[in-house]
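> Below you will find the structure I want to go over with you.
Protein chains: 2
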Amino acid sequence: MDQYLQAALEEARKGYEEGGIPIGSVLVHQGNIIGRGHNKRVQQGSVVLHGEMDALENAGRLPASVYRECVLYTTLSPCPMCSGTILLYGIPKVVIGENRTFKGEEDLLRSRGVAVEVVDDADCAALMQRFIAEKPEVWNEDIGV
Amino acid sequence: MDQYLQAALEEARKGYEEGGIPIGSVLVHQGNIIGRGHNKRVQQGSVVLHGEMDALENAGRLPASVYRECVLYTTLSPCPMCSGTILLYGIPKVVIGENRTFKGEEDLLRSRGVAVEVVDDADCAALMQRFIAEKPEVWNEDIGV
Numbered sequence: 001m002d003q004y005l006q007a008a009l010e011e012a013r014k015g016y017e018e019g020g021i022p023i024g025s026v027l028v029h030q031g032n033i034i035g036r037g038h039n040k041r042v043q044q045g046s047v048v049l050h051g052e053m054d055a056l057e058n059a060g061r062l063p064a065s066v067y068r069e070c071v072l073y074t075t076l077s078p079c080p081m082c083s084g085t086i087l088l089y090g091i092p093k094v095v096i097g098e099n100r101t102f103k104g105e106e107d108l109l110r111s112r113g114v115a116v117e118v119v120d121d122a123d124c125a126a127l128m129q130r131f132i133a134e135k136p137e138v139w140n141e142d143i144g145v
Numbered sequence: 001m002d003q004y005l006q007a008a009l010e011e012a013r014k015g016y017e018e019g020g021i022p023i024g025s026v027l028v029h030q031g032n033i034i035g036r037g038h039n040k041r042v043q044q045g046s047v048v049l050h051g052e053m054d055a056l057e058n059a060g061r062l063p064a065s066v067y068r069e070c071v072l073y074t075t076l077s078p079c080p081m082c083s084g085t086i087l088l089y090g091i092p093k094v095v096i097g098e099n100r101t102f103k104g105e106e107d108l109l110r111s112r113g114v115a116v117e118v119v120d121d122a123d124c125a126a127l128m129q130r131f132i133a134e135k136p137e138v139w140n141e142d143i144g145v
């Protein structure tokens, strides 16, 4: 597996070990990971810190010029919130671990010129499938269902 | 002015007094304000806590059924991130103070069935105009420019 998607998956596993929703993300700028994060709904009672949002938050305040040279790696297809955030900051490329367990706003991203790559990684999917089977109500809450 | 938009404007003013970006929001459920917030970029170094996001975060974890009965009031037209969040949680209505200083994803929201009302309030606009004139670089950072 790509080292960056691997790092995102490590974040997802960290979330799972904490009892949280196992979705992880890393923000990569010119080959360097500048932000890592994972979903914090359970751990912090957060409704905004999805994995992608947590990675961006941990990267801190950045000028627009940096975001425009970034790739966002995420273990799961980005929901409307995270997709909107990708559009807000003009992140040009997103690499998605899997979209079997949830299909986010990939079409909207592509329609706005974002490059979207779906790896379809079995480990990313297996971790989410396990969590959804164990705690379906927490997962549904996370996606507004 | 509508009491809820007034409450959102009070949040925006609080943000301005703290040296932050003056955008405020309240989440209203069946006539009751259940979350208040304002942009925290400057105060907390946050890249995700726009006014709308902060109001949702402060409302805490809610079941989907509650969001579906909510109205989100915001002093400024919601950016792609905040609009995506409105879609994620299925909030059916958004009341916007003004969209003179920034026009967000109102068309996307409407295309997905969200009721969008623009009040065009002069006080909301004046506060943003003042901030943008004073700190244009902070404002540009907030909208990824």
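Chain order of the listed sequences is A and B.
With UniProt numbering, letter number 106 in the first sequence gets 106, and the count goes up by one each step, no holes.
With UniProt numbering, letter number 25 in the second sequence gets 25, and the count goes up by one each step, no holes.
Every residue gets a Cβ at the ideal spot worked out from N, C-alpha and C, and that includes glycine.
Bear in mind the structure is a predicted one, so any value in this text is a computation, not a measurement.
Classify V145(A) as buried or exposed, calling it buried when 16 or more other Cβ atoms lie within 10 Å of its own Cβ.
Exposed, by the Cβ-count rule.
> With a Cβ-Cβ cutoff of 7 Å, do G104(A) and C70(A) count as a contact?
Not in contact: G104(A) and C70(A) (Cβ atoms no closer than 7 Å).
> Does the beta carbon of P80(B) sit closer than 7 Å to a beta carbon anywhere in chain A?
True, the Cβ-Cβ gap to chain A drops below 7 Å.
> Based on Cα-Cα distance, which residue from G31(A), A12(A) and M53(A) lies nearest to V66(A)?
Nearest of G31(A), A12(A) and M53(A) to V66(A), Cα basis: G31(A).
> In whole angstroms, what is the alpha-carbon distance linking S111(B) and E57(B)?
So the alpha carbons of these two residues sit roughly 25 Å apart.
> Tell me the DSSP bridge mates of I86(A)?
Per DSSP, none; premise fails for I86(A).
> Determine, using beta carbons only, whether A59(A) and L27(A) come nearer to each other than 7 Å.
Yes, they are a contact pair.
> Determine the extent of the beta strand (DSSP E) in which S25(A) is found, giving its start and end residues.
Per DSSP, S25(A) belongs to the beta strand (DSSP E) from G24 to H29.
> Quick check on DSSP: helix, strand or coil for G15(A)?
Residue state, collapsed to three classes: helix.
> By a C-beta neighbour count over all protein chains shown, 10 Å radius and 16 as the cutoff for buried, is N39(B) buried or exposed?
Label assigned to N39(B): buried.
> Would you say T75(A) and A8(A) are within 7 Å of each other, going by their C-beta atoms?
Against a cut-off of 7 Å, the Cβ pair of A8(A) and T75(A) comes out as a contact.
> Taking the alpha carbon of D120(B) as the point to measure from, which residue in R41(B), G97(B), M53(B) and I132(B) has its own alpha carbon closest?
Checking every option, the nearest Cα to that of D120(B) belongs to G97(B).
> Are there 16 or more other CB atoms within 10 angstroms of the CB of P136(B), so buried, or fewer, so exposed?
Burial call: exposed.
> Check the Cβ of T85(B) against every Cβ in chain A and list those closer than 8 Å, keeping chain order.
Correct list: V48, P80, M81 and G84.
> Note down the Cα distance separating M53(A) from I34(B), rounded to an integer number of angstroms.
Those two C-alpha atoms are separated by around 23 Å.
> Check whether the Cβ atoms of A55(B) and R36(B) sit closer than 7 Å, and answer yes or no.
Against a cut-off of 7 Å, the Cβ pair of R36(B) and A55(B) comes out as a contact.
> From what residue to what residue does the alpha helix (DSSP H) around C124(B) run?
From DSSP, the alpha helix (DSSP H) with C124(B) extends over A122 to E134.
> Does the beta-carbon of R41(A) have 16 or more other beta-carbons within 10 angstroms, so that it is buried, or is it exposed?
The residue in question, R41(A), is buried, as its Cβ has 16 or more Cβ neighbours within 10 Å.
> On a Cα-Cα basis, can you pick out the residue from G51(B), V118(B) and R61(B) that is closest to H50(A)?
Among G51(B), V118(B) and R61(B), the Cα nearest to that of H50(A) is on R61(B).
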